[in-house]
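Visitor: If you read the protein sequences in the order shown, they are chains S and G.
Using the UniProt record's numbering, the first residue of the first sequence is number 1, and each one after it goes up by one.
Using the UniProt record's numbering, the first residue of the second sequence is number 1, and each one after it goes up by one.
Glycine included, every Cβ here is placed at the ideal spot set by N, Cα and C.
There are 2 protein chains.
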Amino acid sequence: MSSNPIDPVKLDKLAQVAIKVGLQLAEGQDLLMTAPMSAAPLVRRITEHAYKAGAGLVTTIYSDEEATLARYKYANDKSFDKGAAWLYAGMAEAFKANTARLAISGDNPMMLAGQDPDKVSRANRANSAAYKPALQLITGFDINWNIVSYPNAAWAKLIFPNDSEEIAVGKLADAIFKASRVDVDDPIAAWKEHNANLKKRWSWLNGKNFASLKYSGPGTDLTIGLADGHRWKGGASEAKNGITCNPNIPTEEVFTTPHRLRVEGTVSSTKPLSHNGTLIEDMQARFEGGRLVELKASKGQDIFNRVLDTDEGARRLGEVALVPHSSPISASGLLFYNTLYDENASSHIAMGQCYADCFVGGKELTQEQIFAKGGNTSNIHIDWMIGSDKIDIDGVHADGSSEPVMRKGEWA
Amino acid sequence: MSSNPIDPVKLDKLAQVAIKVGLQLAEGQDLLMTAPMSAAPLVRRITEHAYKAGAGLVTTIYSDEEATLARYKYANDKSFDKGAAWLYAGMAEAFKANTARLAISGDNPMMLAGQDPDKVSRANRANSAAYKPALQLITGFDINWNIVSYPNAAWAKLIFPNDSEEIAVGKLADAIFKASRVDVDDPIAAWKEHNANLKKRWSWLNGKNFASLKYSGPGTDLTIGLADGHRWKGGASEAKNGITCNPNIPTEEVFTTPHRLRVEGTVSSTKPLSHNGTLIEDMQARFEGGRLVELKASKGQDIFNRVLDTDEGARRLGEVALVPHSSPISASGLLFYNTLYDENASSHIAMGQCYADCFVGGKELTQEQIFAKGGNTSNIHIDWMIGSDKIDIDGVHADGSSEPVMRKGEWA
Ligand SMILES: [Zn+2]
Ligand SMILES: [Zn+2]
Ligand SMILES: [Zn+2]
Ligand SMILES: [Zn+2]
Chain S
1 MSSNPIDPVK LDKLAQVAIK VGLQLAEGQD LLMTAPMSAA PLVRRITEHA
51 YKAGAGLVTT IYSDEEATLA RYKYANDKSF DKGAAWLYAG MAEAFKANTA
101 RLAISGDNPM MLAGQDPDKV SRANRANSAA YKPALQLITG FDINWNIVSY
151 PNAAWAKLIF PNDSEEIAVG KLADAIFKAS RVDVDDPIAA WKEHNANLKK
201 RWSWLNGKNF ASLKYSGPGT DLTIGLADGH RWKGGASEAK NGITCNPNIP
251 TEEVFTTPHR LRVEGTVSST KPLSHNGTLI EDMQARFEGG RLVELKASKG
301 QDIFNRVLDT DEGARRLGEV ALVPHSSPIS ASGLLFYNTL YDENASSHIA
351 MGQCYADCFV GGKELTQEQI FAKGGNTSNI HIDWMIGSDK IDIDGVHADG
401 SSEPVMRKGE WA
Chain G
1 MSSNPIDPVK LDKLAQVAIK VGLQLAEGQD LLMTAPMSAA PLVRRITEHA
51 YKAGAGLVTT IYSDEEATLA RYKYANDKSF DKGAAWLYAG MAEAFKANTA
101 RLAISGDNPM MLAGQDPDKV SRANRANSAA YKPALQLITG FDINWNIVSY
151 PNAAWAKLIF PNDSEEIAVG KLADAIFKAS RVDVDDPIAA WKEHNANLKK
201 RWSWLNGKNF ASLKYSGPGT DLTIGLADGH RWKGGASEAK NGITCNPNIP
251 TEEVFTTPHR LRVEGTVSST KPLSHNGTLI EDMQARFEGG RLVELKASKG
301 QDIFNRVLDT DEGARRLGEV ALVPHSSPIS ASGLLFYNTL YDENASSHIA
351 MGQCYADCFV GGKELTQEQI FAKGGNTSNI HIDWMIGSDK IDIDGVHADG
401 SSEPVMRKGE WA
């Protein structure tokens with residue numbers, strides 16, 4: 001029945017941007033894609049553009065919500081401590097052979113909302129542990145990588161609950177196209193300009209070389225020490241294989257690595273966090289010596305505390321990111337229930353693993369050297385949103401002097 | 001539009017038979033499934049029955065016909081020498097960790113019919129080479145494995161070209177259910193009886209210990225020497241992990257390993273062979289010293305000759321199988337364009353890799369020992385059909401005496 005609510009021309013442009021801007025896929029390079037089955041129409045457009053760009057071999061690993069739910073419904077308790085180690089080990093081999101990585105996000109954010117939180121957290125933990133060998137090569141930028149989104153029906157209905165499924169999917173598709181800057185005549189030129197604007201911001205921050213950032217606002221009085229030798233990044237990023245990629249589409253953030261031992265104070269979340277199918281809302285966290293020692297939330301408190309017990313590094317920060325409150329995604333006024341979107345509508349922090357590339361000369365540093373400079377290590381990396389139009393941020397120099405970075409959520 | 005042409009109760013029984021008879025999945029055992037995307041309804045039923053049977057983790061790798069065709073349409077020439085080595089290496093790791101293997105067949109048999117034969121054969125060869133580490137653990141029965149089928153629409157229309165897609169899918173579904181013995185009240189009991197009947201046949205053949213089989217019929221005058229220490233098998237099979245599985249659903253054959261150096265004479269195919277999306281028809285082959293030295297075909301001759309050039313073992317036999325002409329699949333009168341079905345309607349031979357388990361004590365033999373006994377090795381294993389109601393087969397003893405095995409395609 002019915003017409004397709006997703007504009008096919010813009011969908012094709014999104015696929016082209018994923019290959020030409022997101023990955024900058026090299027001639028002859030293989031591509032490994034992961035996607036929910038519902039995103040097959042975008043997978044097929046991307047596969048076509050990858051081969052047109054000279055891809056070697058494109059291989060897609062699909063996930064299926066119904067199969068995931070069958071596990072929660074029927075599996076033995078022991079199943080929830082298992083991960084597909086063989087698959088992730090294979091992926092790591094692919095990355096070592098210079099295969100590019102593209103992930104399509106768009107799962108139903110509430111997929112696991114009704115499931116036993118203990119099983120959910122154990123399954124996540126087992127999956128994270130199994131995924132680590134592959135994830136380290138991605139976060140370490142051994143290869144060019146990219147995430148884009150596809151408007152899954154359940155996701156669309158969550159954002160637009162009062163619309164029919166068809167209308168909701170069309171609205172979410174348009175929001176994705178706008179945020180991903182493919183609603184213009186020349187998306188590739190638009191991305192060039194956007195990357196230049198982000199570069200202006202991170203260049204300024206790198207010139208300042210702040211020792212810490214101080215956040216003030218409702219429920220927030222937080223100091224985040226920055227790692228020794230940190231550098232700010234944003235937009236395009238050069239991978240170790242020499243290819244400049246845009247890992248996140250959309251992206252509005254500039255970000256760097258906090259010092260895992262130098263975070264003090266309290267902070268409140270400003271948007272709900274959707275984590276592996278469950279929502280965590282109204283978080284209030286207290287940090288001491290870099291460690292999140294207390295977490296309260298009006299919803300999902302138990303689940304998030306379990307996630308924070310994944311490993312020693314899970315309660316420490318791996319990322320601090322600045323996004324102006326007026327950014328286009330924030331201006332849409334939508335809550336996307338999807339970290340890729342919501343983190344880009346708001347300044348945020350991430351629990352867990354840091355990005356090696358957020359250090360000066362990071363590509364050459366060993367994990368031990370990164371750790372010594374204050375970089376955190378963990379099997380998780382979970383962003384949560386702490387920015388709003390009520391937050392002021394100061395940059396504090398090593399000598400204790402400070403200057404404004406953001407005022408009421410905007411660049412000062 | 002329209003009702004579902006596939007009987008959901010029988011589909012569920014097929015899923016149950018795949019887990020309980022095909023795999024005999026053990027409590028806590030992981031499962032690796034491969035399937036075309038169109039087979040998702042069966043994948044989901046199987047996933048459910050796997051977890052109900054106590055599966056650890058079920059992981060499905062989907063293939064997509066549209067992505068495959070995009071490669072032929074847009075990829076660089078160099079792409080066709082690439083295989084997903086990382087994925088198959090991962091699968092091999094899974095099997096080494098005792099993961100069971102289930103393949104759902106049901107691709108469009110004509111998918112690649114319009115493509116450049118050189119690209120098709122190079123892509124097949126690259127894929128076979130990459131797949132070898134995983135395939136050897138399957139054919140070597142390191143783990144329990146199984147193949148079942150799902151009625152893909154394009155496949156159904158090929159078999160029933162004069163019916164609407166819906167009618168054709170319904171007819172193919174019913175043919176699959178009947179051949180797979182799930183159209184009865186108690187499919188598990190039906191499989192028990194069928195396995196006992198097959199055992200009677202292979203026990204008789206093992207007792208005879210023939211040195212060779214002699215085939216006579218229209219266009220066929222062929223002697224197939226059997227490997228030293230060969231044993232006949234059929235139906236249920238014990239894997240090295242101790243689990244008895246039924247690798248093929250359906251299955252009607254008893255089979256063993258020919259001697260790779262002792263095949264002489266001429267043989268004609270009796271049904272078309274559908275190989276990776278192309279049809280090969282009216283094959284006539286001549287063997288000398290075990291080697292297929294000449295192959296003619298009215299259709300697909302070039303493609304099949306290219307396949308036979310994959311490696312040294314590709315022109316030698318890895319399997320000889322006996323199926324009575326009156327078997328249920330043959331009695332359906334349908335040409336399925338799918339080896340799993342057509343090979344079980346007809347006595348057949350296979351080019352390429354032999355099954356280690358078709359030797360007495362095969363599980364303990366090294367590849368070198370198997371080779372010394374006459375077992376063949378290759379990156380391919382391709383069955384083709386040489387049985388009909390016009391073929392007589394004699395069993396020849398080591399002393400040259402002989403006795404009838406089949407007359408006019410039936411057990412003598
Ligand atoms: Zn971020
Ligand atoms: Zn992050
Ligand atoms: Zn066979
Ligand atoms: Zn075979």
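Under a Cβ-count criterion, where at least 16 other Cβ atoms within 10 Å of its own Cβ denotes burial, should residue 69/S be classed as buried or exposed?
Guide: The sequence position of residue 69/S within the first sequence is 69, counting from 1. When all chains shown are included, residue 69/S counts as buried.
Visitor: Need the endpoints of the alpha helix (DSSP H) that residue 303/G sits in, please.
Guide: Looking up residue 303/G in the second sequence gives position 303. Its alpha helix (DSSP H) spans residues 301-308.
Visitor: When you compare only the Cα positions, how much space is there between residue 190/S and residue 17/S?
Guide: Within the first sequence, the letter at position 190 stands for residue 190/S. Within the first sequence, the letter at position 17 stands for residue 17/S. So the alpha carbons of these two residues sit roughly 10 Å apart.
Visitor: Any beta carbon from chain G within less than 8 Å of residue 341/S's own beta carbon?
Guide: As a position in the first sequence, residue 341/S is number 341, starting the count at 1. So, not an interface residue.
Visitor: Could you say which of 349/S, 174/S, 395/S, 54/S lies nearest to residue 334/S if we only look at CA atoms?
Guide: Position 334 of the first sequence, counted from the start, is the residue given in the question as residue 334/S. Of 349/S, 174/S, 395/S, 54/S, the residue nearest in Cα terms is 174/S.
Visitor: Residue 119/G to residue 71/G, Cα distance in whole Å?
Guide: By one-based count along the second sequence, residue 119/G stands at place 119. By one-based count along the second sequence, residue 71/G stands at place 71. Those two C-alpha atoms are separated by around 10 Å.
Visitor: Could you give the first and the last residue of the continuous beta strand (DSSP E) run that contains residue 284/S?
Guide: As a position in the first sequence, residue 284/S is number 284, starting the count at 1. First-last of the beta strand (DSSP E) with residue 284/S: 284-288.
Visitor: Give me the subset of the region 89-121 of chain G whose CB atoms are less than 9 Å from a CB atom of chain S, sorted by chain position.
Guide: 89, 90, 91, 92, 93, 94, 95, 96, 97, 99
Visitor: Taking all protein chains shown into account, decide if residue 396/S is buried (16 or more other Cβ within 10 angstroms of its Cβ) or exposed.
Guide: Reading the first sequence from its first residue, position 396 is the one you call residue 396/S. Per the 10 Å Cβ criterion, buried.
Visitor: Among the residues of its own chain, which have a CB less than 7 Å from the CB of residue 404/G, if the five just before and after it don't count?
Guide: For the purposes of this step, residue 404/G is identified with residue 404 of the second sequence, where counting begins at 1. These residues qualify, in order along the chain: 394, 412.
Visitor: With the cut-off set at 8 Å, would you say residue 351/S and residue 374/S are in Cβ contact?
Guide: On the first sequence, position 351 is the one that residue 351/S refers to. On the first sequence, position 374 is the one that residue 374/S refers to. Result no, Cβ atoms of residue 351/S and residue 374/S do not sit closer than 8 Å.
Visitor: List the residues of chain G whose Cβ lies closer than 7 Å to the Cβ of residue 61/S, in chain order.
Guide: The residue given as residue 61/S occupies position 61 in the first sequence. Under the 7 Å cutoff, chain G gives 61.
Visitor: Who are the near neighbours of residue 1/G in its chain, counting only those whose CB is closer than 8 Å to its CB and skipping five residues on each side?
Guide: By 1-based counting over the second sequence, the position of residue 1/G is 1. Because the pLDDT of residue 1/G is 43, which lies under 50, any placement of that residue in the model is unreliable, and the question is left without a value.
Visitor: Quick check on residue 354/G: does DSSP put it in helix, strand or coil?
Guide: What you label residue 354/G is simply residue 354 of the second sequence in a count that begins at 1. It is coil, neither helix nor strand.
Visitor: Sort 146/S, 32/S, 123/S by Cα distance to residue 75/S and report the nearest one.
Guide: Position 75 of the first sequence, counting from 1, holds the residue named residue 75/S. Minimum Cα distance to residue 75/S is reached at 123/S.
Visitor: If you draw a straight line from the C-alpha of residue 78/S to the C-alpha of residue 132/S, how long is it?
Guide: If you number the first sequence from 1, residue 78/S lands on position 78. If you number the first sequence from 1, residue 132/S lands on position 132. Cα to Cα, the separation comes out at about 21 Å.
Visitor: Under a Cβ-count criterion, where at least 16 other Cβ atoms within 10 Å of its own Cβ denotes burial, should residue 30/S be classed as buried or exposed?
Guide: Within the first sequence, numbered from 1, the residue matching residue 30/S stands at position 30. It is buried - the Cβ of residue 30/S has at least 16 other Cβ atoms within 10 Å.
Visitor: Can you list, in chain order, the residues of its chain whose CB lies under 6 Å from that of residue 142/S, leaving out five sequence neighbours each side?
Guide: Position 142 of the first sequence holds residue 142/S. Cβ within range, chain order: 95, 240.
Visitor: With a threshold of 8 Å between beta-carbons, can residue 4/G be considered close to chain S, or not?
Guide: As a working note, residue 4/G is residue 4 in the second sequence. No, no contact with chain S.
Visitor: Should residue 32/G and residue 91/G be called a contact, given that it needs their Cβ atoms to be closer than 8 Å?
Guide: Here residue 32/G corresponds to residue number 32 of the second sequence, with the count starting at 1. Here residue 91/G corresponds to residue number 91 of the second sequence, with the count starting at 1. Yes. Within cutoff.
Visitor: Leaving out five residues on either side along the sequence, give the residues of the same chain with a beta carbon under 6 Å from the beta carbon of residue 416/S.
Guide: It is not possible to answer for residue 416/S, since the shown part of chain S is limited to 1 through 412.
Visitor: Would you say residue 251/S lies against chain C (beta-carbon separation less than 8 Å)?
Guide: Absence of chain C from the displayed structure is noted, the protein chains being S and G.
Visitor: For ligand 1, which residues count as neighbours when the test is a C-beta closer than 7 Å to any heavy atom?
Guide: 253/S, 255/S, 319/S, 321/S, 343/S, 348/S, 350/S, 383/S
Visitor: For residue 182/S, does the three-state DSSP call read helix, strand or coil?
Guide: Residue 182/S sits at position 182 when you count from the first residue of the first sequence. If DSSP states are grouped into helix, strand and coil, residue 182/S belongs with coil.
Visitor: Can at least three beta-carbon pairs, one atom from the region 143-163 of chain G and one from the region 100-108 of chain G, be found at a separation below 8 Å?
Guide: yes
Visitor: Identify the continuous beta strand (DSSP E) that holds residue 25/G and give its terminal residues.
Guide: In the second sequence, residue 25/G corresponds to position 25, counting from 1. Premise fails: residue 25/G is in no beta strand (DSSP E) and is neither H nor E.
Visitor: Go ahead and pull the three-state DSSP assignment for residue 232/G.
Guide: Locating residue 232/G in the second sequence gives position 232, counting from the first residue. The answer is coil: DSSP assigns residue 232/G none of H, G, I, E or B.
Visitor: Residue 378/S and residue 310/S look like a contact to me (Cβ under 8 Å); what is the Cβ gap, rounded to whole Å?
Guide: Against the first sequence, residue 378/S aligns to sequence position 378. Against the first sequence, residue 310/S aligns to sequence position 310. Indeed, because the Cβ distance is near 7 Å, the residues count as touching under 8 Å.
Visitor: Short check: CB of residue 250/G to CB of residue 179/G, under 8 Å?
Guide: By 1-based counting over the second sequence, the position of residue 250/G is 250. By 1-based counting over the second sequence, the position of residue 179/G is 179. In contact: residue 250/G and residue 179/G (Cβ atoms closer than 8 Å).
Visitor: I'd like to know whether the C-beta of residue 86/G is nearer than 8 Å to at least one C-beta of chain S.
Guide: For the purposes of this step, residue 86/G is taken as residue 86 along the second sequence, with counting starting at 1. Answer yes: the Cβ-Cβ gap between residue 86/G and chain S drops below 8 Å somewhere.
Visitor: CA-CA distance, residue 202/S and residue 128/S?
Guide: Taking the first sequence and counting its residues from 1, one reaches residue 202/S at position 202. Taking the first sequence and counting its residues from 1, one reaches residue 128/S at position 128. Approximately 30 Å, taken between the alpha carbons.
Visitor: Over the uninterrupted beta strand (DSSP E) stretch that includes residue 32/G, give me the two end residues.
Guide: In the second sequence, residue 32/G corresponds to position 32, counting from 1. Its beta strand (DSSP E) spans residues 31-36.
Visitor: At a CB-CB cut-off below 8 Å, which residues of chain G make contact with residue 82/S?
Guide: Locating residue 82/S in the first sequence gives position 82, counting from the first residue. Those within 8 Å of residue 82/S in chain G are 30, 56, 57.
Visitor: Quick one, are the C-beta atoms of residue 233/S and residue 255/S less than 8 Å apart?
Guide: In the first sequence, residue 233/S corresponds to position 233, counting from 1. In the first sequence, residue 255/S corresponds to position 255, counting from 1. Yes, Cβ-Cβ distance for residue 233/S and residue 255/S is below 8 Å.
Visitor: By Cβ distance, which residues of its chain are closer than 6 Å to residue 262/S, with the 5 residues on each side in sequence left out?
Guide: Working through the first sequence from its first residue, we reach residue 262/S at position 262. A distance below 6 Å between beta-carbons, with the five flanking residues on each side excluded, links residue 262/S to the following residues of its chain, in chain order: 225, 290.
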